[in-house]
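Comments concern the structure below.
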Amino acid sequence: MMMQIAWRNLFRRKRRTYLTLLSVIIGVAAAFAVIAAVNTTEKAIPIFLKEAFGKSDYNILGTEAYFSEDAYQAARQQLENATAVAVLKENTKFHLEQEGIAAIQKRVVLTGYSQLDTPVTDFKVIDGDLNAGGAVVTDQTARLMKLEVGQTLSFETDQGIRTVPVTAIVKYTLDLMGPRNWFMAKYHHWSVALPLTTLQEWFDKSGRIQGVLIKAAPGASLEELERQVDALTKQHEGAYMQPVSIYFHVSMKDSFFLALYLAGFLGIALSAFVIFNSLYVSVNERKKEFAALVTAGL
Amino acid sequence: MITLNQASKVFTTEAGGFKALKETDLHIKKGEFAAIMGPSGSGKSTLLQLIGGLDLPTTGSITVDGAPLHRMSEQERTLFRRTRVGFVFQNYQLLPMMTVAENIALPLAANRAPAGEIRDRVRQLLRDVNLEGKERSYPAQLSGGQQQRVAIARALAMKPKLILADEPTGNLDQLSGASVLSLLTRLNEEHQITIVMVTHDRLAASAAKRVITIQDGAIVGDRQQGGDAHDDADCLA
Numbered sequence: 037m038m039m040q041i042a043w044r045n046l047f048r049r050k051r052r053t054y055l056t057l058l059s060v061i062i063g064v065a066a067a068f069a070v071i072a073a074v075n076t077t078e079k080a081i082p083i084f085l086k087e088a089f090g091k092s093d094y095n096i097l098g099t100e101a102y103f104s105e106d107a108y109q110a111a112r113q114q115l116e117n118a119t120a121v122a123v124l125k126e127n128t129k130f131h132l133e134q135e136g137i138a139a140i141q142k143r144v145v146l147t148g149y150s151q152l153d154t155p156v157t158d159f160k161v162i163d164g165d166l167n168a169g170g171a172v173v174t175d176q177t178a179r180l181m182k183l184e185v186g187q188t189l190s191f192e193t194d195q196g197i198r199t200v201p202v203t204a205i206v207k208y209t210l211d212l213m214g215p216r217n218w219f220m221a222k223y224h225h226w227s228v229a230l231p232l233t234t235l236q237e238w239f240d241k242s243g244r245i246q247g248v249l250i251k252a253a254p255g256a257s258l259e260e261l262e263r264q265v266d267a268l269t270k271q272h273e274g275a276y277m278q279p280v281s282i283y284f285h286v287s288m289k290d291s292f293f294l295a296l297y298l299a300g301f302l303g304i305a306l307s308a309f310v311i312f313n314s315l316y317v318s319v320n321e322r323k324k325e326f327a328a329l330v331t332a333g334l
Numbered sequence: 002m003i004t005l006n007q008a009s010k011v012f013t014t015e016a017g018g019f020k021a022l023k024e025t026d027l028h029i030k031k032g033e034f035a036a037i038m039g040p041s042g043s044g045k046s047t048l049l050q051l052i053g054g055l056d057l058p059t060t061g062s063i064t065v066d067g068a069p070l071h072r073m074s075e076q077e078r079t080l081f082r083r084t085r086v087g088f089v090f091q092n093y094q095l096l097p098m099m100t101v102a103e104n105i106a107l108p109l110a111a112n113r114a115p116a117g118e119i120r121d122r123v124r125q126l127l128r129d130v131n132l133e134g135k136e137r138s139y140p141a142q143l144s145g146g147q148q149q150r151v152a153i154a155r156a157l158a159m160k161p162k163l164i165l166a167d168e169p170t171g172n173l174d175q176l177s178g179a180s181v182l183s184l185l186t187r188l189n190e191e192h193q194i195t196i197v198m199v200t201h202d203r204l205a206a207s208a209a210k211r212v213i214t215i216q217d218g219a220i221v222g223d224r225q226q227g228g229d230a231h232d233d234a235d236c237l238a
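Now the structure itself:
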């Protein structure tokens with residue numbers, strides 16, 4: 037009997053019932069969304085940051101856009117228990133025979149590495165050889181451009197069109213980030229890794245680099261490495277040391293999570309407000325019913 | 002049937018205690034039709050609620066049909082209300098989402114009576130209150146007088162020995178009110194059901210055989226009366 041009364045009351049004020057249900061759903065969803073977002077972010081962001089910026093422990097950067105490769109050579113010779121890789125980046129375009137591709141879709145960032153097979157670059161080879169002296173692309177880029185090891189890629193360079201064979205296809209990595217499809221190529225450039233010397237030659241940057249990535253060997257002292265890198269940069273004018281630290285834990289995290297919690301709280305508060313009002317009106321409206329039930333001995 | 006012995010009721014408000022009913026002694030015999038009269042706020046409804054077991058007295062004792070209400074638990078009083086008392090209110094207090102038949106069947110269903118018994122009893126009650134054919138109607142589809150008759154039928158569902166009516170004609174026009182009073186009188190006379198009716202309407206009170214007057218929480222008058230007024234009610238019906 038009570039179930040029947042409750043059921044019929046649900047359908048007596050359909051709009052209110054739907055609104056209450058919607059509020060319950062929003063409230064529960066907001067709570068779950070915040071918990072899920074916070075947990076996921078807490079785990080995913082540090083991984084992402086480490087992947088994107090944290091492969092090296094220290095970087096040597098220049099006060100100008102380019103600086104002498106000497107700093108890299110010195111790092112290779114002087115740093116103990118560490119790997120150093122020189123890096124140079126250039127923006128250019130693919131030279132494609134294929135028609136119907138806009139110029140904007142051909143944008144590519146070429147990254148020259150002094151060594152490609154190192155713990156700093158950390159490329160996971162799917163096919164080919166990182167030390168073969170050719171271009172390195174991700175599996176995603178290879179799939180979209182229908183590339184296989186041995187095929188060639190052409191680029192517009194300061195020296196004219198230059199062609200290089202693809203010698204390695206690696207697992208997708210943020211260092212070689214590229215578009216997911218040709219449409220997205222309008223909004224995101226391609227990325228290709230090359231030997232440093234090739235890039236220096238193509239763009240007339242012989243002996244010039246943009247940075248040195250330094251990674252300590254497993255178990256090596258970071259403090260000692262820092263001291264060595266600091267001393268090294270002081271010997272080279274226009275170079276400075278940049279420690280790579282993931283500060284997400286202490287700086288970004290709190291404000292980011294606060295925003296998430298705030299959004300969740302607003303969702304829950306809104307639904308609680310609607311549910312409270314809905315129940316308040318329903319109870320007030322049904323006081324006579326409750327009285328009738330009490331007097332009828334229910 | 003009903004015995005109040007020094008029963009009082011104090012309500013606690015922000016301003017302090019408010020004595021709605023002073024220490025009261027009252028005895029209503031089985032089969033009596035008593036009207037309780039008095040101005041608004043005099044304690045009539047409080048007295049009715051105490052007799053019906055809806056509330057407990059602050060002091061004293063109340064015995065109804067042998068049941069010591071002042072000593073009964075909430076659960077026992079709920080069962081008492083369901084099985085031994087019928088309530089009729091000024092605003093009918095019918096469940097708007099249920100049909101006439103379902104409203105009448107409410108106490109029977111609450112008491113887990115068999116479906117067949119409920120069906121027969123509802124049919125009988127609809128005949129008694131002259132509402133045959135209205136069983137599938139909803140309260141909003143009935144007139145005030147008809148709704149009050151549904152409320153009376155519901156009050157009679159468990160065949161109680163006592164009916165408590167709080168201003169049963171208060172919301173009705175004269176003709177409908179007289180019809181309801183006539184029905185209550187018939188129930189009292191034919192079925193020996195004790196009726197206690199709160200009213201401030203002299204014409205309604207004239208249907209009763211005994212009129213108890215209450216003022217400022219105390220009984221100030223108690224008199225038996227003849228059947229003339231009752232006849233008036235019948236004439237109006």
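Protein sequence lines correspond, in order, to chains A and B. Here this note's numbering runs 36 ahead of the position in the first sequence, where the first position is 1. Here this note's numbering runs 1 ahead of the position in the second sequence, where the first position is 1. Heads up, the beta-carbon is just placed ideally off N, CA and C, and yes, glycines get one too. Only a predicted model underlies this, so the values are computations on that prediction, with no experimental measurement involved.
{"Asked": "Partners in chain B for Arg216 of chain A, counting only beta-carbon separations shorter than 9 Å", "Found": "What Arg216 of chain A touches in chain B: nothing, since even the nearest Cβ is about 56 Å away."}
{"Asked": "Own chain residues within Cβ distance below 6 Å of Ala69 of chain A, not counting five before or after", "Found": "none"}
{"Asked": "8 Å contact criterion, which Phe103 of chain A and Ala275 of chain A should meet: CB distance rounded", "Found": "5 Å"}
{"Asked": "Every unbroken alpha helix (DSSP H) within the segment 24-50 of chain B, with a cutoff of 4 residues, ordered by chain", "Found": "none"}
{"Asked": "Interface flag, Leu315 of chain A vs chain B, CB-CB below 8 Å", "Found": "no"}
{"Asked": "Integer-rounded CB distance, given that Gly164 of chain A should sit under 8 Å from Thr203 of chain A", "Found": "5 Å"}
{"Asked": "Residues near Lys45 of chain B in its chain [Cβ-Cβ closer than 6 Å; skip 5 each side]", "Found": "Ile37, Gly39, Val199 and Ile215"}
{"Asked": "Backbone CA spacing between Lys323 of chain A and Gln149 of chain B [nearest angstrom]", "Found": "18 Å"}
{"Asked": "Of the listed residues B:Glu190, B:Ala21, B:Val151 and B:Asp129, nearest to Tyr139 of chain B (C-alpha basis)", "Found": "B:Val151"}
{"Asked": "Three CB pairs or more closer than 8 Å across the segment 190-197 of chain B and the segment 157-170 of chain B", "Found": "yes"}
{"Asked": "First and last residue of the uninterrupted beta strand (DSSP E) at Ala394 of chain A", "Found": "This structure leaves residue 394 of chain A out entirely; chain A is present only between 37 and 334."}
{"Asked": "CB contact flag (Ile213 of chain B, Ala35 of chain B, <8 Å)", "Found": "yes"}
{"Asked": "Alpha helix (DSSP H) runs contained entirely in the segment 59-145 of chain A, provided each spans 4 or more residues", "Found": "106-114"}
{"Asked": "Status (buried if at least 16 other CB within 10 Å, exposed otherwise) for Trp43 of chain A", "Found": "exposed"}
{"Asked": "Length of the line joining the Cα atoms of Trp238 of chain A and Val185 of chain A", "Found": "22 Å"}
{"Asked": "CB contact below 8 Å: Arg44 of chain A versus chain B", "Found": "yes"}
{"Asked": "CB contact check: Asn172 of chain B to chain A, cutoff 8 Å", "Found": "no"}
{"Asked": "Buried versus exposed call for Asn131 of chain B [16 or more other C-beta atoms within 10 Å across all chains shown]", "Found": "exposed"}
{"Asked": "Where Asn6 of chain B falls: helix, strand or coil (DSSP)", "Found": "strand"}
{"Asked": "Run of the beta strand (DSSP E) containing Phe90 of chain B, from where it starts to where it stops", "Found": "Val86 to Phe90"}
{"Asked": "Tyr421 of chain A (DSSP reduced to helix, strand or coil)", "Found": "No answer is possible for residue 421 of chain A: it lies beyond the span of chain A, which begins at 37 and ends at 334."}
{"Asked": "is_contact[Gln51 of chain A, chain B] using C-beta, thresh 8 Å", "Found": "Sequence check: residue 51 of chain A is Arg here, not Gln. No - not a single Cβ of chain B is within 8 Å of the one on Arg51 of chain A."}
{"Asked": "Environment of Asn104 of chain B [buried if 16+ CB atoms lie within 10 Å]", "Found": "buried"}
{"Asked": "Interface flag, Thr331 of chain A vs chain B, CB-CB below 8 Å", "Found": "yes"}
{"Asked": "CA-to-CA distance, Leu182 of chain B to Arg124 of chain B, given in whole angstroms", "Found": "22 Å"}
{"Asked": "Cutoff 8 Å: Met2 of chain B Cβ touching any chain A Cβ", "Found": "no"}
{"Asked": "Trp226 of chain A versus Ala305 of chain A: straight-line alpha-carbon distance, rounded", "Found": "45 Å"}
{"Asked": "Rounded distance between the beta-carbons of Gly218 of chain B and Leu22 of chain B, thought under 8 Å", "Found": "5 Å"}
{"Asked": "Residue range of the unbroken alpha helix (DSSP H) whose run includes Gly145 of chain B", "Found": "Gly145 to Leu157"}
{"Asked": "Environment of Leu109 of chain B [buried if 16+ CB atoms lie within 10 Å]", "Found": "buried"}
{"Asked": "Backbone secondary structure at Trp226 of chain A - three-state DSSP", "Found": "strand"}
{"Asked": "Min CB distance Arg120 of chain B to chain A below 8 Å", "Found": "no"}
{"Asked": "CB contact check: Asp233 of chain B to chain A, cutoff 8 Å", "Found": "With a pLDDT of 39 at Asp233 of chain B, under the threshold of 50, the predicted position of this residue should be treated as unreliable, and no value is reported."}
{"Asked": "Own chain partners of Ala114 of chain B with C-beta closer than 8 Å, once the 5 adjacent residues on each side are dropped", "Found": "Arg122"}
{"Asked": "Residues that Met37 of chain A contacts on chain B, provided the C-beta gap is smaller than 8 Å", "Found": "Leu107, Ala110 and Ala111"}
{"Asked": "Endpoints, the alpha helix (DSSP H) within which Phe47 of chain A is located", "Found": "Met38 to Arg48"}
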